[in-house]
Amino acid sequence: MSTHKLKYKTKTATKEEIYLHLKECNNNFIPALDQKVSVKDYSEKIAEKAVTFEAWADNILVGLVAAYFNDSENRVGYITNVSITMNQSGKGIASELINRCMKYARQKNFKEIKLEVFKNNNKAIQLYKKLNFTSVEIKNDMVQMQQDLNNS
């Protein structure tokens, strides 16, 4: 098995590359992504409105964190997507991409970053807690988590 060096980039993926990545990761989501959204529409929204933090292996998008930084009044960012392809899972890519996202948010003077995760997605919740996110509330089977960027 050959090991490929990952390349980390920001805001380079096209909507087509995002779509292919999300389709490949569809069943890794809890529940499956296509049960909640149109993957095509979601890919377009991410490409147009989000800042993407990307991991690439051989020109294939293998890791994606997408966040919105459009609440400039309250200085709150929102992570809408964290996805890693199965063959790259467990290698620390999600942690690296989330850390890059938080660094970006701090550079843009955002005060906090929020995300939502399905309450039964224990693997993701453990990752977010390890990265200093705290649970704020559980609402409609979703755990709302946040991190104060001034104290981390």
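Last residue of the sequence shown: 814 (our numbering), numbering continuous.
Just so you know, even glycine gets a beta-carbon here, dropped at the ideal spot from N, CA and C.
Keep in mind that this is a model prediction, so the values were computed, not measured.
Item checked: residue 716, enclosing alpha helix (DSSP H) - first and last residue -> Position 54 of the sequence shown, counted from the first residue, corresponds to residue 716. Judged by DSSP secondary structure, residue 716 falls outside any alpha helix (DSSP H) and instead within the beta strand (DSSP E) spanning 713-719.
Next item on the list: Identify every run of the alpha helix (DSSP H) within the segment 776-800, keeping only runs that are complete inside it and at least 4 residues long; order them along the chain.
Entry: Entirely contained in the segment 776-800, the alpha helix (DSSP H) runs reaching 4 residues are, in chain order, 784-792.
Notebook entry, point to check: Roughly how many whole angstroms lie between the Cα atoms of residue 801 and residue 788?
Noted result: Residue 801 sits at position 139 when you count from the first residue of the sequence shown. Residue 788 sits at position 126 when you count from the first residue of the sequence shown. Between residue 801 and residue 788, the alpha-carbon positions lie close to 18 Å from each other.
Margin query: Helix, strand or coil, according to DSSP, for residue 668 in the structure here?
Written below: Counting from 1 along the sequence shown, the entry for residue 668 is found at position 6. Look at residue 668 here: in three-state DSSP terms it is coil, with no helix or strand label.
Checklist line | Coarse secondary structure for residue 808, derived from DSSP in three states | finding: Looking up residue 808 in the sequence shown gives position 146. In the three-state reduction of the DSSP assignment, residue 808 falls in the strand class, which pools E and B.
Check: Which partner residues does residue 725 have in the DSSP bridge list?
Finding: The residue given as residue 725 occupies position 63 in the sequence shown. The partner list for residue 725 (beta bridge, DSSP) reads 717, 746.
Checklist line | Whole-number beta carbon distance between residue 776 and residue 804, since they are thought to touch under 8 Å | finding: Looking up residue 804 in the sequence shown gives position 142. Looking up residue 776 in the sequence shown gives position 114. About 12 Å separates the two Cβ atoms, so there is no contact after all.
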